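Notes for the one structure printed next.
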Amino acid sequence: MPKILYFASLREALGRASEQIELPPGVGDVTGLIAFLAARGGPWEQLATLGNLRCAVNQEMAKPDSPVTGGDEVAFFPPVSGG
Amino acid sequence: MPKILYFASLREALGRASEQIELPPGVGDVTGLIAFLAARGGPWEQLATLGNLRCAVNQEMAKPDSPVTGGDEVAFFPPVSGG
Amino acid sequence: MSVRVQEDDFDVAAELAELQAGGAGAGALVSFVGLVRDLSGGAAVSEMSLEHYPGMTEKALAAIAGEARRRWPLNAVRVVHRVGRLLPGERIVFVGVASAHRGAAFAAGEFIIDTLKTRAPFWKREVTSAGARWVEAHAADDAAAGRWGER
Amino acid sequence: MSVRVQEDDFDVAAELAELQAGGAGAGALVSFVGLVRDLSGGAAVSEMSLEHYPGMTEKALAAIAGEARRRWPLNAVRVVHRVGRLLPGERIVFVGVASAHRGAAFAAGEFIIDTLKTRAPFWKREVTSAGARWVEAHAADDAAAGRWGER
């Protein structure tokens, strides 16, 4: 059951800061998880279409092919803008 | 009567922090003034031989051919080392 | 090496004193303080808020500070970043670096803030006369961070 | 723009506060503090003294600060340089720069201290375990100042 976090404008657009999901069979990386979440439709589709979506797995910046397993903490967010 | 100032290691070597001299006829620039002072002999000769001698005329960095006239303030010193 | 994330303002003098105390033998202290600007894209800013990713933020800041210490001979590094609501003129971030030599201190300080802007999970939301909006990442920040190359 | 030469120590927090107050609209404050190092060429330094050329020093510092303001868009510049007797760990010099953007603030701050090292009439005399000696100008300082080109 990976924990999924959403931040900033994405959190607002999805109306959710976090959720715990059951990882569906066949989903093993960031790309697969995005496809699974985008299939919810509506605002979730932007996860698949946003050109600048960022993802971290276990608090490290991740890439589309980074693996995702049951105990992971996965975060989606827009490009950072601190400092 | 230009006022001449000496700083740091040069001041110590010459045993003098400042002096007021009568500008001799024919001395009209930094090079001429250095030759005149070096002719005093002894420690004064180093003014002509120091490869890294610095000079300021009226508190602006000067060059060998910078003019020197009666009312000027001329300073000789080693390379600076502040900050 | 010290990195902190906090809502409260920080005391620049205290941070510099700690930096100096922790950087025995240092000859150069370079500090950067980022302030909330009162203008953004021509619109007056009345306030802003900073969201972050607790846990990852501290890890990212520590990784950036550690990378700076590997790249330059540093005696000490301190980073403090605020989150929450901030008003124009308020301090946002402090980066302090102590080194024996000033060239390393300037380079490391600039590296840390440039890299923080693209790698640490903070997001700014501004309230301006034109309404509230999330601040987009600046292409200039990507370019500034890109100057430092890959780790 | 403010430049000062003084025997007394300075208060970094007060200088930064003045810098921020004088740099309305600034988003970036960069400061450099130079400290007396406790080692010089491998010898322990017990104290040092800084001689200067009163009058020319202030002019040279003002000229350097003015040149920085012409080269970069700066909101404020402050330079404080101490003279007289100083002990290891004591502050020697403060350079503070405020700008809308951090790149300009870092560049201008480094330019000012690099240029000060070769153009402002200060001379250091160190007392070490090996005796007292006048510190020679560093080739590295000439190289650092040379990076900035002619004015």
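Residue numbers (this note's numbering), protein chains in the order written: chain A, 5 to 87; chain B, 5 to 87; chain C, 360 to 510; chain D, 360 to 510.
Yeah, the Cβ is synthetic: ideal placement off N, Cα and C, and Gly gets one too.
Remember, predicted model here, so these are calculated numbers, not experimental data.
Between the CA atoms of residue j and residue i - distance to the nearest angstrom
i, j, result
"glycine 384 of chain D", "arginine 461 of chain C", "27 Å"
"alanine 422 of chain D", "methionine 415 of chain D", "10 Å"
"valine 436 of chain C", "serine 70 of chain B", "47 Å"
"leucine 375 of chain C", "serine 390 of chain C", "8 Å"
"alanine 43 of chain B", "alanine 424 of chain C", "60 Å"
"glutamate 23 of chain A", "lysine 7 of chain A", "6 Å"
"glutamate 417 of chain C", "glycine 386 of chain C", "28 Å"
"arginine 492 of chain D", "serine 399 of chain D", "11 Å"
"glutamine 63 of chain B", "glycine 505 of chain D", "22 Å"
"aspartate 370 of chain C", "valine 486 of chain C", "26 Å"
"arginine 510 of chain D", "alanine 463 of chain D", "Model confidence at arginine 510 of chain D stands at a pLDDT of 45, short of 50, so the residue's coordinates are unreliable; what they give is reported in the following sentence. Distance between the alpha carbons of arginine 510 of chain D and alanine 463 of chain D is about 17 Å."
"valine 72 of chain A", "aspartate 33 of chain A", "5 Å"
"arginine 444 of chain C", "serine 458 of chain D", "23 Å"
"glycine 36 of chain A", "alanine 52 of chain A", "10 Å"
"aspartate 473 of chain C", "glycine 74 of chain A", "34 Å"
"methionine 360 of chain C", "isoleucine 38 of chain A", "37 Å"
"leucine 54 of chain B", "leucine 388 of chain C", "35 Å"
"glutamate 495 of chain D", "arginine 20 of chain B", "20 Å"
"glutamine 50 of chain B", "methionine 65 of chain B", "19 Å"
"glycine 508 of chain D", "aspartate 500 of chain D", "13 Å"
"arginine 450 of chain C", "histidine 411 of chain C", "16 Å"
"proline 28 of chain A", "glycine 45 of chain A", "17 Å"
"phenylalanine 481 of chain D", "glutamate 406 of chain D", "16 Å"
"glutamine 379 of chain D", "glutamine 365 of chain C", "22 Å"
"lysine 377 of chain D", "glutamate 16 of chain A", "Reading the sequence as shown, one finds glutamate at residue 377 of chain D and not lysine. So the two alpha carbons sit approximately 40 Å from each other."
"arginine 428 of chain C", "methionine 5 of chain B", "57 Å"
Cβ-Cβ separation, residue j to residue i (assumed contact under 8 Å), whole Å
i, j, result
"leucine 433 of chain C", "valine 456 of chain C", "6 Å"
"cysteine 59 of chain B", "phenylalanine 40 of chain B", "Their Cβ separation, rounded to whole angstroms, is 13 Å, which puts cysteine 59 of chain B and phenylalanine 40 of chain B out of contact at 8 Å."
"leucine 9 of chain A", "proline 47 of chain A", "Their Cβ separation, rounded to whole angstroms, is 16 Å, which puts leucine 9 of chain A and proline 47 of chain A out of contact at 8 Å."
"leucine 14 of chain A", "proline 82 of chain A", "6 Å"
"alanine 489 of chain D", "alanine 402 of chain D", "5 Å"
"leucine 420 of chain C", "alanine 503 of chain C", "Not quite, the Cβ-Cβ distance comes to about 17 Å (not below 8 Å), so this is no contact."
"threonine 477 of chain D", "valine 31 of chain B", "Between valine 31 of chain B and threonine 477 of chain D the Cβ distance is about 29 Å, and since that is not below 8 Å, they are no contact."
Closest by C-alpha distance to residue i, when choosing among the options
i, options, result
"leucine 394 of chain C", "C/His440, C/His411, C/Arg428 and C/Ala376", "C/His440"
"valine 404 of chain C", "C/Asp500, C/Thr477, C/Leu446 and C/Val454", "C/Leu446"
"arginine 322 of chain C", "C/Pro413, C/Glu469 and C/Arg430", "There is no way to answer for residue 322 of chain C, as the model of chain C reaches only from 360 to 510."
"phenylalanine 11 of chain A", "A/Leu57, A/Gly87 and A/Val72", "A/Leu57"
"serine 408 of chain C", "C/Asp367, C/Arg429 and C/Asp501", "C/Asp367"
"isoleucine 25 of chain B", "B/Gly45, B/Thr35, B/Leu51 and B/Asp76", "B/Asp76"
"valine 392 of chain D", "D/Ala380, D/Gly448 and D/Gly382", "D/Gly448"
"glycine 86 of chain B", "D/Gly443, D/Leu475 and D/Gln379", "D/Leu475"
"glutamate 426 of chain D", "D/Asp501, D/Lys483, D/Val494 and D/Glu469", "D/Glu469"
"valine 442 of chain C", "C/Arg396, C/Lys483, C/Asp501 and C/Ser361", "C/Lys483"
"alanine 466 of chain D", "D/Arg396, D/Trp431 and D/Gln365", "D/Trp431"
"aspartate 397 of chain D", "C/Gly382, C/Val494 and C/His411", "C/Gly382"
"valine 61 of chain A", "A/Val78, A/Ala21 and A/Pro29", "A/Val78"
"alanine 373 of chain C", "C/Val454, C/Arg429, C/Ile471 and C/Glu410", "C/Val454"
"valine 438 of chain C", "C/Ile471, C/Gly508 and C/His411", "C/Ile471"
For residue i, the residue or residues it bridges with in DSSP
i, result
"threonine 477 of chain D", "Its beta-bridge partners do not exist; DSSP assigns none."
"tryptophan 482 of chain C", "C/Glu410"
"leucine 9 of chain A", "A/Ser22 and A/Ala79"
"arginine 444 of chain C", "C/Ser408"
"serine 85 of chain B", "Note: serine 85 of chain B sits in no beta bridge, so no partner."
"serine 458 of chain C", "C/Ala387 and C/Leu433"
"tryptophan 493 of chain C", "C/Arg484"
"phenylalanine 453 of chain C", "C/Val392 and C/Val439"
"arginine 363 of chain D", "D/Val439"
Check: residue i C-beta below 8 Å from any heavy atom of the ligand ADP
i, result
"alanine 380 of chain C", "This structure simply doesn't include the ligand ADP, nor any ligand for that matter."
In chain order, which beta strand (DSSP E) runs of at least 3 residues are fully inside the stretch 365-436 of chain C? Runs found: 387-394 and 402-411.
Any beta strand (DSSP E) of 3 or more consecutive residues that is wholly inside the stretch 30-81 of chain B: Within the stretch 30-81 of chain B, the complete beta strand (DSSP E) runs of at least 3 residues fall at 58-61 and 77-81.
Could you please tell me which residues of the stretch 66-85 of chain B, in chain order, have their CB closer than 8 Å to any CB of chain G? No chain G is part of this structure, whose protein chains are labelled A, B, C and D.
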